[in-house]
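So that you can map any letter, position 88 of the sequence shown is 88 in UniProt numbering, and since no number is skipped, the others follow by simple counting.
Glycine residues also receive a C-beta, built at the ideal position from the N, C-alpha and C atoms.
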Amino acid sequence: MKVSRYLFATLTATAILAGCQEEETQDNQNNIDETAEEATQESQETGATERSLSDIETDDESLSEVVDKAEEIDSYQAVLDLEAVVDGGAPEKLAADVRFKDGDPPSLHLKSEGEDRTISKDGETYYNNGTEWVDISDSVGADQLYHVTYENAVHSFAEIKGELEAVEEDDAVIYSFEGENNDVFKTFESLFAVEFGAIDTSVIQNDVEIVVGKEDKLIRSIEYDAEGEDAEGEYELSGDVDFTSFNDVGEIELPEAVQ
1 MKVSRYLFAT
11 LTATAILAGC
21 QEEETQDNQN
31 NIDETAEEAT
41 QESQETGATE
51 RSLSDIETDD
61 ESLSEVVDKA
71 EEIDSYQAVL
81 DLEAVVDGGA
91 PEKLAADVRF
101 KDGDPPSLHL
111 KSEGEDRTIS
121 KDGETYYNNG
131 TEWVDISDSV
141 GADQLYHVTY
151 ENAVHSFAEI
161 KGELEAVEED
171 DAVIYSFEGE
181 NNDVFKTFES
191 LFAVEFGAID
201 TSVIQNDVEI
211 VVGKEDKLIR
221 SIEYDAEGED
231 AEGEYELSGD
241 VDFTSFNDVG
251 EIELPEAVQ
């Protein structure tokens, strides 16, 4: 399958930073400048526009409870794993462990493979190129580095709530969907900020599981898998995210080397 552009916009800059540790700093900076522009463009193309929880209007009581609870959340930890495969080729993967604190601008501490990779606070953003921390504040901010925020997860839940089957299990409610539905796919394409370029994704099988706490009404995890086939071949997407440490994230500090 020939793909004109196949790109994860989510964590695009961070992904490139993690893979550029053996390059020269100036080359890294050029990559970041270019990638930040691409990330912004891809976010717009995949519907990753700024939204507010107040935009969600519903008569669904269980959804309203999740939305209302989300209004109280100002920090959390998210562990994210994304993977995509086209035509049985080598998987494209992204993994991140993120501490996030809401704000204007938000603060973010992102780790990958156990290493600090990117830290953003008060509008200052630094990345670790393996040798030193580099200031990329003028090129990219926290809003471009991480899109699978808790607020965006709630928006995605709201968009597909009517398609989900709910089953109570112990202290949680398990919401699930399995089947063909392009609207469901588009929701997660937007949440994960994934761009499949020229691939025809109009017919796709989805498998969704969203776990919500029965008492606290918090989304604990999202597991999503999709697979499809167009005239030129097969493709797959999986995205898992776990949310923890709600309102219990400590202060995010810039690296000592730049303080």
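If distances are taken between C-alpha atoms only, which option among the options comes closest to residue i?
i           : options                        : result
Gly179      : Lys161, Leu191, Ile204, Asp200 : Ile204
Leu218      : Thr201, Ala193, Thr244         : Thr244
Asp200      : Asn182, Val212, Asp171         : Asn182
residue 297 : Val249, Leu254, Glu253, Pro255 : Absent from the model: residue 297. The displayed extent of the chain is 1 to 259, so no value can be given.
Val154      : Thr118, Ser62, Asp116          : Ser62
Tyr175      : Ser202, Leu191, Ser221         : Ser221
Asp122      : Gly141, Trp133, Asp68, Leu110  : Gly141
Pro91       : Ala257, Ala70, Val258, Glu236  : Glu236
Ala226      : Ser139, Glu83, Glu253, Val167  : Glu83
Thr224      : Thr125, Ile160, Asp68          : The question names Thr, yet the displayed sequence has Tyr at residue 224. Nearest C-alpha to Tyr224: Ile160.
Asp143      : Val184, Val173, Val167, Leu110 : Leu110
Leu108      : Ala172, Thr125, Asp242, Gly213 : Thr125
Glu215      : Glu168, Lys93, Phe157, Gly89   : Glu168
Ala193      : Ser156, Pro255, Glu72, Asp170  : Ser156
Glu256      : Ala198, Asp116, Glu71          : Asp116
Asp171      : Ile252, Glu71, Val212          : Val212
Ala166      : Ala95, Gly197, Asn206, Ile210  : Ile210
Leu254      : Asp60, Tyr127, Asn206, Gly197  : Tyr127
Is residue i buried or exposed, if buried means 16 or more other CB atoms sit within 10 Å of its CB?
i      : result
Gly228 : buried
Val208 : buried
Glu195 : buried
Thr187 : buried
Asn247 : exposed
Pro106 : buried
Arg51  : exposed
Ser137 : exposed
Thr58  : exposed
Thr131 : exposed
Val66  : buried
Ala231 : exposed
Ser202 : exposed
Ser139 : buried
Val258 : exposed
Ser190 : buried
Inspect the beta-carbon positions of residue i and residue j and report whether they are closer than 8 Å.
i      : j      : result
Ser120 : Leu145 : yes
Asp87  : Gly239 : no
Asp102 : Ser75  : yes
Leu80  : Val148 : yes
Val184 : Glu151 : no
Ile56  : Ala158 : yes
Ser241 : Ala70  : A small fix is needed here, since residue 241 is Val in this sequence, not Ser. In this structure, Ala70 does not lie closer than 8 Å to Val241 by Cβ.
Using DSSP bridges, identify the partner residues of residue i.
i      : result
Gly213 : Ala172
Val241 : Leu80, Ile222
Glu251 : None, per the DSSP bridge assignment.
Glu124 : Lys121
Glu256 : Bridge partners of Glu256: none, in fact.
Glu232 : According to DSSP, Glu232 bridges with nothing at all.
Contact criterion: CB-CB distance below 8 Å. Does residue i meet it with respect to chain D?
i      : result
Glu159 : The structure shown contains no chain D, having only a single protein chain.
What alpha helix (DSSP H) runs, 4 residues minimum, are completely inside the segment 131-209? Taken in chain order, the complete alpha helix (DSSP H) segments of 4 or more residues contained in the segment 131-209 are 142-145, 150-160, 182-191.
Please give me, in chain order, every unbroken run of the alpha helix (DSSP H) with length at least 4 that falls completely inside the segment 43-116. Fully enclosed alpha helix (DSSP H) runs of 4 or longer: 61-70.
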